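Working notes for the structure below.
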Amino acid sequence: MEQRRSDLGEFLRTRRARLKPEDVGLPDYGRQRRVPGLRREELSHLAGVSVAYYTRLEQGDGRNVSAEVLESIARALRLTESEHAHLMRLAKPKAPGPKPAARTQQARLGLLRLLDAIDVIPAYVIGRRAELLAWNRLAAALFGDWSRLPAPERNWARLIFLSPDRYRELFVDWEQKQIDAVSALRLEAGRYPNDRGLSALVGELSVKNADFRRLWATHDVKEKQRGLQRLRHPLVGELSLRFESFRPAGDADQSLITFHAEPSTPSEDALRLLANWGLDAIRAGTAN
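The number in this note's numbering is simply the position in the sequence shown, starting from 1, with 7 added.
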């Protein structure tokens, strides 16, 4: 509970700090500001609540706060949909349920069968703690053969922050990949505050990697359901791939991630080349 109070206050402060008076239609008289972003009284005015009330929220006291007030604050802070949901979870947590087991998740049978049926595009299944639960042959050719790793290392967050040399050259926008990984973990931590496995992962990454500590302190949350991923593959060169994320109905703990290239592009040719070469040839090529 104490951690959630701290997270609520830090989340509100970091969201307020990123707004400037001109962003929300307030005058900026050019005076030196002692804090970045909006002042508490400015944000309170925009949200239509008293400064004392808003200050209590930034101090982590969300007791008896109404959904209507949170909606007003979310609008004033210009929160995204993911940030809005995160604020509601922090301020009005549900009664704690049983703590999820710390063991690694298993990919659903239906998703495994779907992966077997997909052979023309890279695809993998990821769990709520960033575990790589399953993948198809083309995903292994594109990102690396995860089957060669010990099971605990098959985790995007671990690979990015504890084995960065493997992937720094693969992702063209390495900093953005780091940001996305931390933002997704922060979102899951809000959804599952009692998940011991997730807490242990965050603690380990915080101790072992300075970039993770810096990004975790921003309190950014994001759920990327679609977008563009630019890669620099050691065998086929640069690719620009569109990705889509799908959550199975009734199961918010796993996602299927697929990648595809635009038709008649060099990226489509590169994917086709990877598929034709086969994983054994790719293993041999990257080992040389």
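Every residue, glycine too, gets a C-beta built ideally from N, C-alpha and C. None of these values were measured; they are calculated from a predicted model.
Once the 5 residues before and after residue i are set aside, which same chain residues still bring their CB inside 6 Å of it?
{"i": "Thr265", "result": "Ile128, Ala130 and Glu251"}
{"i": "Gly104", "result": "Low confidence applies here, because Gly104 scores a pLDDT of 49, under 50, leaving its location unreliable and the question unanswered by this model."}
{"i": "Asp161", "result": "The residue you asked about is not Asp; residue 161 is Arg in the sequence shown. Only Leu139 and Trp153 meet the Cβ criterion."}
{"i": "Ser262", "result": "Ile133, Ser252 and Arg254"}
{"i": "His226", "result": "Glu17, Phe18 and Thr21"}
{"i": "Arg193", "result": "Val228"}
{"i": "Leu149", "result": "Pro129"}
Quick one: what's got a C-beta closer than 8 Å to residue i's C-beta in the same chain, skipping five residues either side?
{"i": "Gln68", "result": "Here residue 68 turns out to be Asp, not Gln, going by the sequence shown. Correct list, in chain order: Arg12."}
{"i": "Arg198", "result": "Arg96, Arg135 and Ala259"}
{"i": "His91", "result": "Ala81"}
{"i": "Asp126", "result": "Asn143, Arg144, Leu145 and Ala282"}
{"i": "Tyr60", "result": "Ser51 and Val76"}
{"i": "Gly234", "result": "Arg249 and Phe250"}
Compute the beta-carbon to beta-carbon distance between residue i and residue j, rounded to the nearest angstrom, for a pair I have assumed lies under 8 Å.
{"i": "Leu169", "j": "Trp153", "result": "Incorrect: roughly 14 Å between the Cβ atoms, too far for contact."}
{"i": "Gly55", "j": "Arg23", "result": "About 15 Å; that fails the 8 Å criterion."}
{"i": "His267", "j": "Leu248", "result": "6 Å"}
{"i": "Leu86", "j": "Leu94", "result": "6 Å"}
{"i": "Val209", "j": "Ala196", "result": "7 Å"}
{"i": "Trp142", "j": "Leu121", "result": "That belief does not hold up - the Cβ atoms of Trp142 and Leu121 are roughly 12 Å apart, past 8 Å."}
{"i": "Glu230", "j": "Ala256", "result": "The pair is not a contact, with the Cβ atoms about 17 Å apart (cut-off 8 Å)."}
Could you pull the DSSP bridge partners for residue i from this structure?
{"i": "Arg233", "result": "Glu251"}
{"i": "Gly151", "result": "DSSP output for Gly151 lists no bridge partner at all."}
{"i": "Ile264", "result": "Tyr131 and Ser252"}
{"i": "Leu246", "result": "Leu238"}
{"i": "Phe18", "result": "According to DSSP, which records beta bridges pairwise, Phe18 is partnered with nothing at all."}
{"i": "Ala141", "result": "Val132"}
{"i": "Asn162", "result": "Glu138"}
{"i": "Phe178", "result": "Leu238"}
Does any residue of chain C have a CB that is nearer than 7 Å to the CB of residue i?
{"i": "Lys184", "result": "Absence of chain C from the displayed structure is noted, only one protein chain being present."}
Measure the alpha-carbon distance for residue i versus residue j and round it to whole angstroms.
{"i": "Asp172", "j": "Val228", "result": "25 Å"}
{"i": "Arg7", "j": "Leu278", "result": "With the chain covering 8 to 295 only, the question about residue 7 has no answer from this structure."}
{"i": "Arg20", "j": "Glu65", "result": "7 Å"}
{"i": "Asp187", "j": "Ser73", "result": "31 Å"}
{"i": "Leu118", "j": "Glu182", "result": "30 Å"}
{"i": "Ala282", "j": "Ala83", "result": "49 Å"}
{"i": "Ser271", "j": "Asp30", "result": "41 Å"}
{"i": "Leu222", "j": "Ser213", "result": "10 Å"}
{"i": "Val58", "j": "Asp14", "result": "20 Å"}
{"i": "Arg135", "j": "Asp260", "result": "5 Å"}
{"i": "Leu177", "j": "Ala124", "result": "26 Å"}
{"i": "Pro306", "j": "Glu269", "result": "Lying before the first or after the last residue shown, residue 306 is absent from the chain, which here runs from 8 to 295."}
{"i": "Leu26", "j": "Leu33", "result": "11 Å"}
{"i": "Leu205", "j": "Gln232", "result": "21 Å"}
{"i": "Trp284", "j": "Glu245", "result": "17 Å"}
{"i": "Pro157", "j": "Glu49", "result": "52 Å"}
{"i": "Val243", "j": "Pro273", "result": "10 Å"}
{"i": "Glu211", "j": "Ala137", "result": "14 Å"}
{"i": "Ala99", "j": "Arg155", "result": "Note that residue 99 corresponds to Lys in the displayed sequence, not to Ala. Answer to the nearest angstrom: the Cα atoms are 43 Å apart."}
{"i": "Trp163", "j": "Gly151", "result": "12 Å"}
{"i": "Asp276", "j": "Arg70", "result": "57 Å"}
{"i": "Leu53", "j": "Val189", "result": "30 Å"}
{"i": "Asn201", "j": "Gln113", "result": "19 Å"}
{"i": "Val179", "j": "Gln185", "result": "12 Å"}
{"i": "Glu78", "j": "Ala147", "result": "43 Å"}
Only counting the same chain, and skipping five residues up and downstream in sequence, which positions put a Cβ closer than 7 Å to that of residue i?
{"i": "Thr62", "result": "Arg47"}
{"i": "Tyr174", "result": "Leu166 and Ile167"}
{"i": "Asp258", "result": "Arg115"}
{"i": "Ser4", "result": "Any property of residue 4 remains undetermined from this structure, which presents the chain solely from 8 to 295."}
Nearer than 6 Å: is that true of the beta carbon of residue i relative to any heavy atom of the ligand GTP?
{"i": "Ser190", "result": "As far as ligands go, the structure on display features none, and thus does not contain the ligand GTP."}
Any contact of the segment 210-220 with the segment 231-249, i.e. 3+ C-beta pairs under 8 Å? no
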